[in-house]
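There are 2 protein chains.
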Amino acid sequence: MSDSRGRGRIDAKVLPEEARLHNRSLILQTLFREGKHSRADLARVTGLTKVSVSHVVEDLLSEEMLCEVGTPELARRGKPPMMLEFNIEAFQIICVDLSHSTLFRGAVMGPNGTVLHRTDVAIEGRRGQEALALVVELLQTLFGQLSAPVLGIGVGSPGAVTFSGTVIRAQSLGWEGIDIKAVLGACFSCHVSVANDANLAVQAERSHASGSDDMILVRIGHEVGAGLLLGGAQLFGSRSAAGEIGHVACGVGTPLLCTCGKKGCLETVLASARLDTALKSSSTAEARHQVLVDAGKALGNVLAPLVVALELSEIVLSGPHLILDGPLSEAVRLTVRSRALPIAAPDVPVRMTVLGDDIVLRGAATQVMREQLGIS
Amino acid sequence: MSDSRGRGRIDAKVLPEEARLHNRSLILQTLFREGKHSRADLARVTGLTKVSVSHVVEDLLSEEMLCEVGTPELARRGKPPMMLEFNIEAFQIICVDLSHSTLFRGAVMGPNGTVLHRTDVAIEGRRGQEALALVVELLQTLFGQLSAPVLGIGVGSPGAVTFSGTVIRAQSLGWEGIDIKAVLGACFSCHVSVANDANLAVQAERSHASGSDDMILVRIGHEVGAGLLLGGAQLFGSRSAAGEIGHVACGVGTPLLCTCGKKGCLETVLASARLDTALKSSSTAEARHQVLVDAGKALGNVLAPLVVALELSEIVLSGPHLILDGPLSEAVRLTVRSRALPIAAPDVPVRMTVLGDDIVLRGAATQVMREQLGIS
DNA sequence: TGGCTTTAGTAATTGCTGTTTACTAAAGCG
DNA sequence: CGCTTTAGTAAACAGCAATTACTAAAGCCA
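Here's what the structure looks like:
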């Protein structure tokens, strides 16, 4: 009752059955994240009674979601416990990343985010229904590579994606108002999760690489976008476009004309194509350095108010390593420090993602796990 | 299970009893916000069965939280329904607003946010334990003015206040790490809600004056702070200081030295004392106009990235009406438009709160209602 | 007028939850 | 070898909501 974390309005009834699912998730999550536990351990950790734990575990064992892995050697008084473990081979997840400009990336993934099989297909300019057909084709290939039951399909799409899995608008794919979740759900009759690529990326970063519950992950590629994690929860935004910071005017140097028609957008100095040409047209090392510093300053200017207002504890960059990691990210750090932080405050770290190019795929897998099993 | 709104990690067990409370809130909220309903209406609206509704309503009637108000005259087929209404006299809420520099404001409030009795006390420089004692004294006075059972105490405090009701740091009151919720709870043995004043203000605005679920409310007074509402939920921040934007460098005009030691902070052009002196030292009307425009631009610069990244649909200002409402808020609007919005996009409205000086008191009442009854 | 239909609301049963209590199993300690 | 400690299960119990079957009270219509 005294849940003052400030959720939104109440809008749906709750059945006791959902409480059961919640407790099931609680147990599953404990085993997945903290490793081996006995039933008695689980009862202590989760606050449930031993009996309730036994019931849930019985279900999970019969679904082969867990396995019993014997008793520990550690000699103690009392009956030795039977340790339980999350069964890493219980299922696999099929993930696709549609955010690249030239190809769709696909993978069969394990529960812990490892890539088991990988298949990419060239887009070759396909748009609209053709692009959608290519995705279906890719998924069919991936289904053939499964070596365990499938938990679900995870899709990372560029553009604005609603919470319920409709792509409102994805410029590069020529998609507008396509309910991908419904389409793919009908094709493959299994669970489908769809989300914006940056949103998935930030989730992957949290799940695999960071303990932080409040961070922004900026994806720099053909376009510039970001995913926000606030209090451990993704931010979607009222029109499903939260984090789309590419077209904020950043107020550094001479404002350049953007593809959107405005001047001085962040993308005009930070999108990879623009950065590349600016770097190539710079004759000296100093000039190239300055290009990177300016881009970093631009990003820092946009991020500074966000860091303060949202109390972000980390800024993560995802994109071409060679360009981002160095003077650019350093400039971001310095700009945020000088514009946003109290003099004595510790820096907000600015770092590259450690998940590399698979970040969206891993985020898609995480998303499916969270929606299907309540594990995040 | 397919709750993809991206909550945080699971961290507590759920009992069937909590489902009951949830459904109770659902019914209470429907009656509070939408007015009269019969039991059958409630069943249709909430999705619960008639039987479940009857059970919950029976409880609520016995607690006198609801009242039966007869059958409607509208002649229809079938047994006429017995209409139910939220009992506006069921309880009262005691609220205090500690965010003013010279006095503590207190009120006994009704469930719908009306002020029933009002008592203020002068602070007269009291700090630390003395200030706390003064709050207790004020609350005792307010308890004497109750004419119905008390639902709880709501406290709006300046500074950083944790989700659990501890004031981490409130400069102006000399408070540091004081668990107000525990202290007052022990004194008065009733529910206590404590939150930052700006956070309460934004909640009041949502509840009483706006349908928007994504907005920022900027409080401009001795200091500058803001409260954020994202997807209908308050944002607290990892160290309970989300929204504290007063010390972001805003990059307008010549940077002035701030009390915090940095230069160019938003507060140096927007805090009411600074604004007042700047206005007084301006000899011409044009100069005064420019002061307001500059302040508005400064705020707009800080808000622009927030509006985009968080998809805010409203910017609300709270503070001295005469200063804020006019060129200043207009400058905010224009700055946000030019820095943040696509050329064809509709404006993000910038407006004054309609709740005036009682905004924190009303927010405190709302907070108590939400924590105690699940109504927001 | 009297039967039919419609709507509101309640009573009793059922099924699902987790808890409590009491028990068995298996180990070390002295 | 009995005592203690820990793990885990079995059976009875209590709270919740859904289902089914019912009563109450109105309008409709012949």
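For the record, the sequence lines run as chains A and B.
When the count follows the working numbering, it moves up by one through the first sequence with no breaks and lands on 376 for the last residue.
When the count follows the working numbering, it moves up by one through the second sequence with no breaks and lands on 752 for the last residue.
Beta carbons are placed, not taken as given, at the ideal position from N, Cα and C, and that holds for glycine.
Please read these numbers as outputs of a predicted model, since none were measured by experiment.
Around Q372/A, the same chain offers L151, G152 and H191 as residues with beta carbons nearer than 6 Å, after the five sequence neighbours per side are excluded. The continuous stretches of beta strand (DSSP E) do not include S99/A, and DSSP gives it neither H nor E. Around the beta carbon of L257/A, fewer than 16 other beta carbons sit within 10 angstroms, so the residue counts as exposed.
Ranked by Cα distance from T141/A, the first of R126/A, T119/A, I220/A and I180/A is T119/A.
For A90/A, same chain residues with a beta-carbon under 6 Å away, outside a window of 5 residues either side, are E64 and M65 in chain order. Under a criterion of Cβ atoms nearer than 9 Å, no residue of chain B is adjacent to L270/A; the nearest Cβ is some 14 Å distant.
Excluding the 5 residues flanking it on each side, L606/B has same chain C-beta neighbours closer than 7 Å at D590 and L686, in chain order.
The Cβ atoms of V360/A and D97/A sit closer than 7 Å to each other. Put simply, the CB of A241/A is near chain B, with a gap under 7 Å to one of its CB atoms. For N399/B, the residues of chain A that pass the 8 Å Cβ criterion are K13 and V14, in the order they occur in the chain. Taking the Cα positions, G363/A is about 41 Å away from R738/B. Q203/A is classed as buried because its beta carbon has at least 16 other beta carbons within 10 Å across all chains shown. One alpha carbon belongs to T630/B, the other to V302/A, and they sit about 20 Å apart. A distance of 7 Å or more separates the beta carbons of V537/B and A562/B. Between the stretch 235-253 of chain A and the stretch 683-698 of chain B, the count of Cβ pairs shorter than 8 Å is three or higher; the stretches touch. Secondary structure of F86/A (DSSP, three-state): strand. Listed along the chain, the chain A residues whose CB falls inside 8 Å of the CB of T422/B are K13.
A direct Cα-to-Cα measurement between E267/A and A182/A gives close to 33 Å. For E461/B, same chain residues with a beta-carbon under 7 Å away, outside a window of 5 residues either side, are L407, K412, L442, C443 and V445 in chain order.
Cα atoms of I27/A and V390/B: separation of roughly 12 Å, rounded to the nearest angstrom.
Around the beta-carbon of R409/B, fewer than 16 other beta-carbon atoms lie within 10 Å, marking it exposed. Proximity of V115/A to chain B, defined by a Cβ-Cβ separation below 7 Å, is not satisfied. With a threshold of 16 other beta carbon atoms within 10 Å, V712/B meets it and is buried. Taken through DSSP and simplified to helix, strand or coil, R20/A comes out as helix. A Cβ of chain A is located within less than 7 Å of the beta carbon of E687/B. The DSSP assignment places complete alpha helix (DSSP H) segments of no fewer than 4 residues inside the stretch 204-283 of chain A at 267-270 and 272-280, in order along the chain. For a cut-off of 8 Å, the C-beta gap from P696/B to H665/B is around 16 Å, too long to register as a contact. By the 16-neighbour rule on beta-carbons within 10 angstroms, A602/B is buried.
A707/B is a Cβ neighbour of G672/B, given a cutoff of 7 Å. In its chain, beyond the 5 residues on either side, A249, P255, L256 and L257 have a beta carbon closer than 8 Å to the beta carbon of K263/A.
Scanning its chain for C-beta atoms nearer than 8 Å, with the 5 sequence neighbours on each side dropped, one finds around Q145/A the residues V108, L116, H117 and T119, in chain order. Between S193/A and V368/A, the gap from beta carbon to beta carbon is short of 7 Å.
Considering only beta carbons, no part of the stretch 59-73 of chain A lies closer than 7 Å to chain B. Chain B has a Cβ within less than 7 Å of the Cβ of R339/A. Under the 7 Å criterion on CB atoms, A625/B is classed as interfacial with respect to chain A. Taking C-alpha positions only, E552/B is separated from S428/B by approximately 47 Å.
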